[in-house]
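For the sequence shown, position 91 (counting from the first letter as 1) is numbered 91 according to UniProt numbering, and the numbering increases by one without interruption.
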Amino acid sequence: MAEVAVSTVVTKLTELLVEQAAVAAVSVSQLAGVREQVENLKNELGWMQSFLRDADAKQEGNDRVRMWVSEIRDVAFEAEELIETYVYKTTMQSSLDKVFRPFHLYKVRTRIDKILSKIKSISDRRETYGVVVMTRDDGNNSNERLRHWRQPSPYSEEEYVIELEDDMRLLFTQLLAVEPTPHVVSIVGMGGLGKTTLAKKLYNHTRITNHFECKAWVYVSKEYRRRDVLQGILRDVDALTRDEMEKIPEEELVNKLRNVLSEKRYLVVLDDIWGMEVWDGLKSAFPRGKMGSKILLTTRNGDVALHADACSNPHQLRTLTEDESFRLLCNKAFPGANGIPLELVQLKSLAKEIVVKCGGLPLAVVVVGGLLSRKLKSSGEWKRVLQNISWHLLEEQEKIARILALSYNDLPPHLKSCFLYLGLFPEGVNIQTKKLIRLWVAEGFLLQEGEETAEGVAQKYLNELIGRCMIQVGTVSSLGRVKTIRIHHLLRDLSLSKGKEEYFLKIFQGDVAGQSTKARRHSMHSCHDRYDSLKHNAGHSRSLLFFNREYNDIVRKLWHPLNFQQEKKLNFIYRKFKLLRVLELDGVRVVSLPSLIGDLIQLRYLGLRKTNLEKKLPPSIGNLQNLQTLDLRYCCFLMKIPNVIWKMVNLRHLLLYTPFDSPDSSHLRMDTLTNLQTLPHIEAGNWIVDGGLANMINLRQLGICELSGQMVNSVLSTVQGLHNLHSLSLSLQSEEDEFPIFMQLSQCTHLQKLSLNGKIKKLPDPHEFPPNLLKLTLHNSHLQKESIAKLERLPNLKVLILGKGAYNWPELNFNGEGFPQLHILRLVLLKELEEWTVEENAMPRLENMVIDRCEKLKKIPEGLKAITSLKKLKIIGMPVEFEHKLRTKDLFDFTNTPVIESTTDILAIGKLLYSPNKYKI
């Protein structure tokens, strides 16, 4: 497999040529003297690419073709290393080096000529091996796909699930049984059989949510760490924040969890347990609890299930019937249709043959269905897929592996790179999509598509991988954006095996790095004292990503002097890895960065989130002129950022937020950052009026704090000219400041999200708001009563958050026909609210309601109970009397019973049940 390697090198050479063409217009290009040869190199490799799809298909059983493919990959890597090293040296050269530049130029030209000769020699052998051009006329062209079949939103997973009614009924019986001691319910089956999918349907079902007083879901996996599992459960039961848990020893976490669960009827799901020792390490955290408490396990090993509870009856998940498999395949191959459309009925027999080959394995059916959804709806195409799923004596797991490989092989090269990249993340983690997209852009995987931004192209790639069922949606934002994704462990195994073949990635999990590898990307998943052994890979590595959570645990226990010793062990990175494009140190406890960081001039992504950086960054960071993403979030001890950010002219994402005391940023010069897209948190300063804000013509997200009332006018007048701005957050400096009466927001036609923190003397009229506003968040606004009547007339508003101090009146009224599009409403810390009235036909589309610490609110409005669209009602920190009335009386008055979630003290509610004089309904 060389297609990914060659594709990546061609894309990077193209990117370099474009960059240097822009440089040449104003100064001397680093490619001066060799540009024409680099162009030839790119073209030759691009031409070889057209043969690789056929070669990759033929190398399976042909050693000569396999060797030919390997030679192409090696020559592509050689070309990449030569050009990138030359660009680095010309950028960093001293005056003395300039004297010898003609000699260096001659050497580079000579080496490029040798590489071109190698490519010609390799090409000449192509016909000998029978390798031909394989065109992509199989319906994978995006325009052709859209013409032949319309794809719906990739985020609606439920329509692709086949309801296993018998299994659901049996498991409901076990989970809802009220027994005196915690009972373990287990779902057992091989990988890909749908254990997690079934467990999720149970976990999210209204009957389950309303039966248990608290519940938690945690993914265990083969890479089990007890601390992570305990923290995951505690987060779900809202017992502690992430920062609080970081400071607590592991055994204290066990005790805390026992205390939280001891007086509740709880459900804890432990997804994907591999070994008995895992249960042995966790069982002490689960107390008796209230009658009916349950622990739900999913595992491949029936012995693990019986070890957890010898009296249990593990539920062995069956395979799908042919009819169920057929329906699932049709749902995925023809999304939005009810079976195979009449005009394509000739595909029915082929579909039935395909599902037989899938052996009733849901993952296999779904992945093949995703593949077929991207193919032309023709008998010829479907027959080719059928022929590629041919086996007789393979084991079940090997069958799945073959099917998954079939879908991988069907991906175009740029999507293969994006898919393989997921293997760098630890198993079972929720991957933040914004971070993933920024990493893909930094790696240079993306093909240019007209005027579309690289991030926009990456979002399309993400959607396509979701549509192909190569990745799974994790969490979704209030406006429907996919916030996190996951990858099934079998698909992750595929990404690791293919990534290893392609020298695409290498994972270190507590092992010593050892001898050199050609892998371009290295990911550290745990700590080891001998990090310096990574230096053997410095010449090949372009990306270093640290996910070493054990390292953080160790450093937490060390004295500061030892912290420094640990930090020194990473300094070799800045000396040796000169060609890095990505350096992710998220959570690695470094106290300072050496000035050598400025030598990593090829860096596109620098992640310093949750590091222990102190005082300030070295000024040499300004040398990173190719940097696209600088992540300094949660650097709690960082005091100041040097005023060199303006030198990073290619910066696209500047992330500075720290919840307690963000580093000083008001002094920064910003007027050169015309490529900036994301600036979610920055202090107000002269940069606003000195042209910094006005020049950010590509800005999509902006958040400014510490604003004076006068400065707000400058911001609002400027953002009207920022036509790409989708999200705006403004926070005033003090309680004395006010937002202006005329906020000039109606001209912000692209603005979809608006957050205002500060006093609003007079709320704008509906026509003065951004016309396409979807989400509005207000804090400390001190709104007048009549302001609500204005808000409810916003025609497109889908999400409204009234936060602390937003509304300080005891009565709140939502009029009939008000908030016609509202889907989500959150009332947070409205301390004075006592009576809330919802008139008939108000909020007709409301789905999700949160009432958070509105402690004087007496009851749920009658009008809220009549809203048929309401799916979920979450109660946080409300008086126990309020929730008791909700659960014992109000719940039965809802037209459609919503899921009730709560963090209220259930123990106190339990006492109420036996204290009739304390509270009467």
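By construction, the Cβ of each residue, glycine as well, lies at the ideal position given by its N, Cα and C atoms.
- Secondary-structure assignment with DSSP links G703 through a beta bridge to S729.
- In this structure, D493 is the residue among L730, K483, D493, L833 with its C-alpha nearest to the C-alpha of M470.
- About 19 Å separates the beta carbon of H315 from that of V178, a gap too long to meet the 8 Å contact definition.
- In the structure shown, C330 adopts helical secondary structure according to DSSP, grouped into three states.
- Y503 is classed as buried because its beta carbon has at least 16 other beta carbons within 10 Å across all chains shown.
- Burial of E683 is indicated by the presence of at least 16 other C-beta atoms within 10 angstroms of its C-beta.
- In the structure shown, E839 adopts coil according to DSSP, grouped into three states.
- Residue environment analysis places Q628 among the buried positions, since at least 16 neighbouring C-beta atoms fall within 10 angstroms of its C-beta.
- Per the DSSP secondary-structure output, H653 pairs in a beta bridge with T629, T678.
- Counting C-beta pairs with one atom in each stretch, the stretch 263–271 and the stretch 244–254 have fewer than three that are closer than 8 Å, which means they do not touch.
- Note that the stretch 115–124 touches the stretch 40–52; at least 3 beta-carbon pairs, one per stretch, sit closer than 8 Å.
- A distance below 8 Å separates the beta carbons of D272 and S221.
- In the structure shown, T658 falls within a coil segment according to DSSP collapsed to helix, strand and coil.
- Unbroken beta strand (DSSP E) runs of no fewer than 3 residues, entirely contained in the stretch 784–825, are found at 799–802, 811–814, following chain order.
- For H183, the enclosing beta strand (DSSP E) stretches over residues 183–188.
- Secondary structure note for I72: its alpha helix (DSSP H) is the uninterrupted segment 63–92.
- At the C-beta level, L603 and L583 come within 8 Å of one another.
- Taking the CA atoms as reference points, T206 sits about 53 Å from V689.
- Taking a C-beta distance under 8 Å as the contact criterion, R520 and R542 qualify as a contact pair.
- DSSP assignment within the stretch 305–390 yields the following whole alpha helix (DSSP H) runs of 4 residues or more, N-terminal first: 322–333, 348–358, 362–373, 379–388.
- In the DSSP assignment, S543 falls outside any alpha helix (DSSP H) and within the unbroken beta strand (DSSP E) covering 543–546.
- Between V218 and S312, the gap from beta carbon to beta carbon reaches 8 Å or more.
- The beta carbon of L240 sits closer than 6 Å to the beta carbons of L234 from its chain, once the five residues preceding and following it are set aside; these are given in chain order.
- For T903, the secondary structure class from DSSP, reduced to helix, strand or coil, is coil.
- For I431, the pairing in a beta bridge is given by DSSP as I485.
- According to the DSSP assignment, V260 belongs to the alpha helix (DSSP H) that extends over 250–261.
- In this structure, DSSP gives A216 an extended state, which the three-state scheme calls strand.
- Bridge pairing for V828: D852 [DSSP].
- Between I431 and L462, the CB-CB gap reaches or exceeds 8 Å.
- If you draw a straight line from the Cα of L829 to the Cα of I507, it is about 46 Å long.
- T888 and I824 have their C-alpha atoms some 25 Å from each other.
- Cβ atoms of G758 and N780 come within 8 Å of each other, at about 6 Å.
- Rounded to the nearest angstrom, the gap between the Cα atoms of F51 and M743 is 59 Å.
- Taking each of L202, E862, C358 in turn and checking the Cα distance to F894, the smallest one comes out for E862.
- Under the three-state reduction of DSSP output, V178 falls in the coil class, being neither helix nor strand.
- Excluding five sequence positions before and after L846, the CB atoms of its chain that fall closer than 7 Å to its own CB belong to L822, H823, L825, I867, S869, L870, given in chain order.
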